[in-house]
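Below is one structure, written out as C-alpha cells; the observations come after it.
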Amino acid sequence: MITHNSRWALLIIGAILATSGLAFGADTYAIFGRVTGNLGQQMLGVSISVAGLPPALTDADGHYLVDGAATGSVYVVEPRRPGWVFTPERRAVVMGSGDEEVDFGARLILGLSADGRLAAAPPDGPVTKAYCADNYEPDDIASQANWLNIFLGQQHNITYADDDWMKFNLSYRSAVDVYTTDAAAPVLMYIYGPDDPTKYIGQHHGSDTAPNASISVPAPGLGPGVYYVRTQHWPGDLGVSCYAVNLDVSALPPGRVLYPATTGVEVRWQETIEVQWDRFYGSAVTIHLYKAGVYKQTIATATTNDGTYEWIVPYTAGAGDDYTIHVHSYAYPDQGDESTYPFKIKSSPVVTYPNESSIVGWNVGDVYTITWKGFTDTHVKIQLYKGSRLNRRIAWRTPNDGRFVWRVPEGQATGWSFYIHVTGANKPWQTDRSTHIFMMDNPKVTYPSAPDISWGQGSAHAVTWTRYYGNDIHIDLLKAGAVVRTIASDTSNDGSFVWKVPWTLEPGTTYRVRVRYGAQIDDSNNNFTVYAVPHVTYPSEAGITWLRESGYTIKWSGYSTPTVRIQLYRGARRVRTITTGTPNDGRFYWTVPAGQALGTDFKIRISEVGGAGGFDTSNNRFAIENP
Numbered sequence: 021m022i023t024h025n026s027r028w029a030l031l032i033i034g035a036i037l038a039t040s041g042l043a044f045g046a047d048t049y050a051i052f053g054r055v056t057g058n059l060g061q062q063m064l065g066v067s068i069s070v071a072g073l074p075p076a077l078t079d080a081d082g083h084y085l086v087d088g089a090a091t092g093s094v095y096v097v098e099p100r101r102p103g104w105v106f107t108p109e110r111r112a113v114v115m116g117s118g119d120e121e122v123d124f125g126a127r128l129i130l131g132l133s134a135d136g137r138l139a140a141a142p143p144d145g146p147v148t149k150a151y152c153a154d155n156y157e158p159d160d161i162a163s164q165a166n167w168l169n170i171f172l173g174q175q176h177n178i179t180y181a182d183d184d185w186m187k188f189n190l191s192y193r194s195a196v197d198v199y200t201t202d203a204a205a206p207v208l209m210y211i212y213g214p215d216d217p218t219k220y221i222g223q224h225h226g227s228d229t230a231p232n233a234s235i236s237v238p239a240p241g242l243g244p245g246v247y248y249v250r251t252q253h254w255p256g257d258l259g260v261s262c263y264a265v266n267l268d269v270s271a272l273p274p275g276r277v278l279y280p281a282t283t284g285v286e287v288r289w290q291e292t293i294e295v296q297w298d299r300f301y302g303s304a305v306t307i308h309l310y311k312a313g314v315y316k317q318t319i320a321t322a323t324t325n326d327g328t329y330e331w332i333v334p335y336t337a338g339a340g341d342d343y344t345i346h347v348h349s350y351a352y353p354d355q356g357d358e359s360t361y362p363f364k365i366k367s368s369p370v371v372t373y374p375n376e377s378s379i380v381g382w383n384v385g386d387v388y389t390i391t392w393k394g395f396t397d398t399h400v401k402i403q404l405y406k407g408s409r410l411n412r413r414i415a416w417r418t419p420n421d422g423r424f425v426w427r428v429p430e431g432q433a434t435g436w437s438f439y440i441h442v443t444g445a446n447k448p449w450q451t452d453r454s455t456h457i458f459m460m461d462n463p464k465v466t467y468p469s470a471p472d473i474s475w476g477q478g479s480a481h482a483v484t485w486t487r488y489y490g491n492d493i494h495i496d497l498l499k500a501g502a503v504v505r506t507i508a509s510d511t512s513n514d515g516s517f518v519w520k521v522p523w524t525l526e527p528g529t530t531y532r533v534r535v536r537y538g539a540q541i542d543d544s545n546n547n548f549t550v551y552a553v554p555h556v557t558y559p560s561e562a563g564i565t566w567l568r569e570s571g572y573t574i575k576w577s578g579y580s581t582p583t584v585r586i587q588l589y590r591g592a593r594r595v596r597t598i599t600t601g602t603p604n605d606g607r608f609y610w611t612v613p614a615g616q617a618l619g620t621d622f623k624i625r626i627s628e629v630g631g632a633g634g635f636d637t638s639n640n641r642f643a644i645e646n647p
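Put into C-alpha cells, the structure is as follows:
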C-alpha cells in the first residue's frame, strides 16, 4: 500500500518533473533489478508489479526486467510473493533517458511464534542454546505442543517413555524439513496434520550409528495449516537423550494463470479461448469462471495439468467486463491462482436451442421451443436448413423476445443434417445457426394409440411401433405422464413386444406407452384403461404343498363386491366350501382340517358374492399331505 507520505513524495516528484520538462518524454526504457533472500534462498517466481506496465516474474537468481517505461513518467515498483516481506515494500522510480535498476531484499515470514503470531525468520540462522536444556516442558501431549519457528533450533531432553510435542504453522504450501541434531541416543520422530495431531503423515528414526531423525517433505510439500511433531526416546534405552530439533521451510512457487491474465482481453459467446497456466502440482487442475469475484460456473472439473485448456465461451456466462479465471490444483486445492486482470465477455447472436450435442432428434407432430440470445434487432426470422440448403421458413418475422414455439408439421421431410438459423429481420448481418446438426424424425407407437382401449390385469398385449432406428428399443409405461414401470429395457427393434399386464398394476384411466431409442421418442396417442380382474394370488404358484392341521393365508385381488366366497376344488369338482362369505379385504386364514382328503390336484376358487359373478381359480394345482 502507498502511504500518505509516499503519495506526497510522488506528487513532489511529479512537480519537479513538470518544471524540468521531463514529464512528457516519448522514449521508453526498462526497469530491472534483483530480489535477494536474506539467507541466500532461491527467489524464483517473485511477482513484480509496475502500475501501467505488464507484470514480470523473477528467474531462479532473482532477476527481473519490465520493459516499456516511458521517459518522464513515475512508476511504483512492488514485489509480491506469498510468505515473504520485502525491503523496501515498494519503490517509486522516475524514468530518465535510460534504464533504471531497482533491487529488493526478501525475508520469509512462515511459522508462528510462541504466542501464535506470524514470526519472521531470524537473519543469522539457527540459535544455539545450552546443551541438554529443555525450556519447553510440559510438552508431553499434543495439547501442550510448543511452537517451532523456522530456522530456530530448540534444545530438548527426553527420558524413556516420554514424548516431546511441538507444532508449526504454514500460511502457504511449502517444502518442509524437520530434523534433529546433537542427539546423544537414537531419536524417533513423527509428523501429523494439518490441524489434527492424529492425522499421520510420516516418521523417521535414528540408529546407534546415526542417532538423529529427519523428515523431509519436498514439493508438492504441505499445504496451509498447523502441523504437529512428536519425538520419542528410543525404546529400550535408559537415561536421558539430549537433542536439538530444527525446522526449515521453503515456500513453493505458487501456480499462476498465464491467460487470460493481461489487460484488454475480450471474447464473445461461442468463441474458443485457450486458458493457460503453469507451476501447479498434481496430474489435474480445476478451472472455474468468476464474475465480480463470485463463482459463476465450472469450466473443467479435473482436466489434465498440461498447462492449456480450450474453452468455448457459453452464452450462459452472460455479458460483462468483470470476469476472471480461477485455476486450482485438483489434488492440492489450496494451490490456486486467478487471472491478474478481469476480461470481458461480449454478447453475440447465438441460437441457444437447439444447440447441445445431446440433441439428436425432433419428431414430426411434436412441439419445440426455439430460443436465442444476443440479437439487437426488433424482429428475427427463423429458418430450417438441411445441410446448406433452405428446407423450410419457420417464422418470417417474429418479435426478438428470445423464444418461438413451433410444432413440426405433418409432412415434414425427415433425415439427418438439420440446422436452425436465426437472422435479424432488419439486420441480416446478425445471424447464427444451431451448433450441432439434429435429426428430423417420425417414430410412432402404433398400439396402443387408438382411443377407448382397455387392458385387464393379467392380460397380454403386443405393443407395436414403427420408424425407429437402432437395435435396442426401450419401452416404458406412463401414468398421468410419469414413468411408473419399465416394460422392456432392451428389446429387438422388430416392431412388436408382447407384455403381460401385472396382476399388481393399479387400475386407472391415464396410462400410455412410451417407446424410445436414444432421442427417438414417441408416446401412444391416447390414454388407455387398466381395469381390475379377479385373481387368486395365493396359492397360485407351482410346487405349493399344504399340510393337514396347518394354517395358511389365502390371498386375492381385483374383486368388486363387499364379500367373497372361497371354495376348495379337486380337479373340476368342488370338494369343500371354505367360507360362504368373508370381507373382500384380500386375505383369509384357513386351517386345513385333520380329515381333509390327501392329493396333489387341489385348487382354490374365489367368487364374488352378490355381484356380476366374477371369479378366479388359482393358476396351478397344489398338494395336501400329512404332516
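Mapped onto the numbering used here, the consecutive letters of the sequence shown carry residue numbers 21 to 647. Ideal Cβ placement from N, Cα and C applies to all residues, glycine included.
- The stretch 116-126 makes no contact with the stretch 233-245: fewer than 3 CB pairs, one atom from each, lie closer than 8 Å.
- The C-alpha of GLU526 is placed about 26 Å away from the C-alpha of GLN587.
- For the stretch 315-354, the continuous beta strand (DSSP E) assignments of 3+ residues that do not extend past its boundaries occur at 328-332, 340-349, in sequence order.
- Here the alpha carbons of TYR248 and ALA162 stand approximately 8 Å from one another.
- Rounded to whole angstroms, TYR361 and VAL425 show a C-alpha spacing of 41 Å.
- The Cβ atoms of ARG193 and GLY243 lie closer than 8 Å to each other.
- Residue pairing by DSSP puts PHE188 in a beta bridge opposite TYR247.
- By the neighbour-count definition (other C-beta atoms within 10 Å, threshold 16), VAL595 is an exposed residue.
- The C-alpha of PRO240 is placed about 33 Å away from the C-alpha of ASP154.
- By the neighbour-count criterion, in which 16 or more other beta carbons inside 10 Å mark a residue as buried, LEU618 falls on the exposed side.
- Along the length of the stretch 44-127, whole beta strand (DSSP E) runs at least 3 residues long occupy 48-57, 67-70, 83-90, 94-100, 104-107, 111-114, reported in chain order.
- With a cutoff of 8 Å on beta-carbon distance, TYR263 and THR200 are scored as near each other.
- For VAL371, the enclosing beta strand (DSSP E) begins and ends at 370-373.
- The distance from the Cβ of VAL246 to that of ASN189 is about 5 Å, consistent with a contact at the 8 Å cut-off.
- Unbroken beta strand (DSSP E) stretches of 3 residues or longer found wholly inside the stretch 372-426: 381-383, 387-393, 399-406, 409-419, given in chain order.
- The three-state reading of DSSP puts GLN296 in strand, counting E and B together.
- Residue GLY490 holds the alpha-carbon nearest to the alpha-carbon of ASN513 among VAL295, PRO613, GLY490.
- A straight-line Cα-Cα distance of about 5 Å links SER509 and HIS494.
- Taking THR549 as the centre and dropping the five residues before and after it, the same chain places the C-beta of SER474, THR529 closer than 6 Å to its C-beta, in chain order.
- Remark: three or more beta-carbon pairs, one from each stretch, lie closer than 8 Å, so the stretch 451-470 and the stretch 425-437 are flagged as touching.
- Residue pairing by DSSP places ASN177 opposite CYS262 in a beta bridge.
- Rounded to the nearest whole angstrom, the C-alpha separation of ASP197 and ASP268 is 5 Å.
- In the DSSP secondary-structure assignment, GLU561 is not bridged to any residue.
- Membership of TRP436 in the beta strand (DSSP E) is indicated by the continuous run 435-444.
- The stretch 569-584 makes contact with the stretch 618-635; the number of CB pairs closer than 8 Å reaches 3 or more.
- Taking a cut-off of 8 Å on C-beta distances, the stretch 367-386 does not touch the stretch 298-310, as fewer than three cross pairs fall below it.
- Contact between the stretch 534-553 and the stretch 381-396 is present: three or more C-beta pairs spanning the two stretches fall below 8 Å.
- In chain order, TYR49, ALA50, ILE51, PHE52 place their CB closer than 8 Å to the CB of ASP119, counting only its own chain and leaving out the 5 sequence neighbours on each side.
- Between the stretch 331-349 and the stretch 312-322 there are three or more C-beta pairs closer than 8 Å, enough to call the two in contact.
- Looking at the backbone, the Cα of PRO75 and that of VAL86 are separated by about 7 Å.
- When secondary structure is reduced to three states using DSSP, ALA162 falls in the helix class.
- Per the Cβ contact rule, the stretch 566-577 is not in contact with the stretch 405-412 (fewer than 3 Cβ pairs under 8 Å).
- Its Cα nearest to that of ALA643, the residue LYS623 stands out among LYS623, SER627, GLU628.
- TYR551 is bridged by DSSP to GLY476.
- Secondary structure note for LYS364: its beta strand (DSSP E) is the uninterrupted segment 363-366.
- Short of 8 Å from the beta carbon of ASP79, and not among the five residues preceding or following it, lie these beta carbons of its own chain, in chain order: LEU64.
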